[in-house]
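Structure record follows, encoded as structure tokens.
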Amino acid sequence: MSFIYGAPDAPEYWLALEFHGPMVREREYETLELLNSAEATTAKERKRLAPRVFDVVVWSPMEERDLPEGHIAVVVQVEDDVEAAGGEDRLRELRKLRLQPRLLYIAEQNFDNTHWGGKNYSRVLRFQWRNGREAVLQDPLGLPIIGRVRPGRPKQNTDVEDDL
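Going letter by letter, the sequence shown gives residues 1 to 164 in UniProt numbering.
Following this line, the structure appears as structure tokens:
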């Protein structure tokens with residue numbers, strides 16, 4: 001899966017991001033926009049809003065961080081946050097309800113320009129369900145996250161065989 005963007009700044013990525021299949025570039029996918037603090041009331045909705053590997057995280061413009069157009073990063077790993085859950089037993093309970101907190105490992109460029117130390121990620125973000133309803137992704141530096149985008153269903157207007 002690859003993505004292409006043609007927007008001048010991060011907030012416009014919602015409209016300009018295109019996802020393409022790994023084998024057939026002509027195959028295009030719908031873009032799912034998952035706003036930070038989006039609400040979910042059912043386990044099915046929580047499953048859809050939960051973070052996944054390959055999600056693209058989008059930050060608001062930040063002049064003070066020398067990121068006037070905003071910023072994006074790709075999620076390279078997602079795992080349950082045992083500490084935030086309050087231990088293994090509580091994590092098991094939350095997992096049954098699809099309410100477990102998670103750690104998101106992200107890969108990004110042009111941010112802090114620090115060496116990754118042999119890891120495949122630059123930083124770790126925290127995801128939690130606020131009040132059991134709101135899907136909240138938090139940057140440890142307190143930087144404003146707009147949300148995440150990911151590929152959805154294949155667009156129907158292409159005549160290319162399915163490649164996923």
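Ideal Cβ positions, reconstructed from N, Cα and C, are used throughout, including at glycine.
For this session: Using 10 angstroms around the beta-carbon of Gln100, count the other beta-carbons present and answer buried if the total reaches 16, otherwise exposed.
Result: Gln100 should be labelled buried.
Exercise. What's the call for Phe127, buried or exposed, on a 16-neighbour Cβ count within 10 Å?
Worked result: The residue in question, Phe127, is buried, as its Cβ has 16 or more Cβ neighbours within 10 Å.
For this session: Thinking Glu51 and Val78 are a contact (beta carbons under 8 Å), I'd like their distance in whole angstroms, please.
Result: This sequence places Pro at residue 51; Glu is not what is there. That belief holds up - the Cβ atoms of Pro51 and Val78 are roughly 5 Å apart, short of 8 Å.
For this session: Determine the DSSP secondary structure at Leu49, reduced to helix, strand or coil.
Result: Leu49 falls in the helix class under three-state DSSP.
Problem set entry | C-beta contact flag for Val124 and Leu104 at 9 Å | For the 9 Å CB-CB criterion, Val124 and Leu104 form a contact.
Problem set entry | Backbone CA spacing between Ala107 and Arg148 [nearest angstrom] | The straight-line gap from Cα to Cα measures roughly 14 Å.
Exercise. Is Ala38 helix, strand or coil by DSSP?
Worked result: Secondary structure at Ala38: strand, using DSSP grouped into helix, strand and coil.
For this session: Jot down the residue ranges of each uninterrupted alpha helix (DSSP H) in the segment 78 to 155, minimum 4 residues, whole runs only, in chain order.
Result: DSSP runs (the alpha helix (DSSP H)) wholly in the segment 78 to 155: 82 to 85 and 88 to 96.
For this session: Assign Leu97 to one of two classes, buried (16 or more other C-beta atoms within 10 Å of its C-beta) or exposed (fewer than that).
Result: Leu97 counts as exposed, since fewer than 16 other C-beta atoms from the protein chains shown sit within 10 angstroms of its C-beta.
Problem set entry | Candidates Val53, Arg65 and Asp55, of which the one nearest Asn110 by Cα | With respect to the C-alpha of Asn110, the residue from Val53, Arg65 and Asp55 having the closest C-alpha is Arg65.
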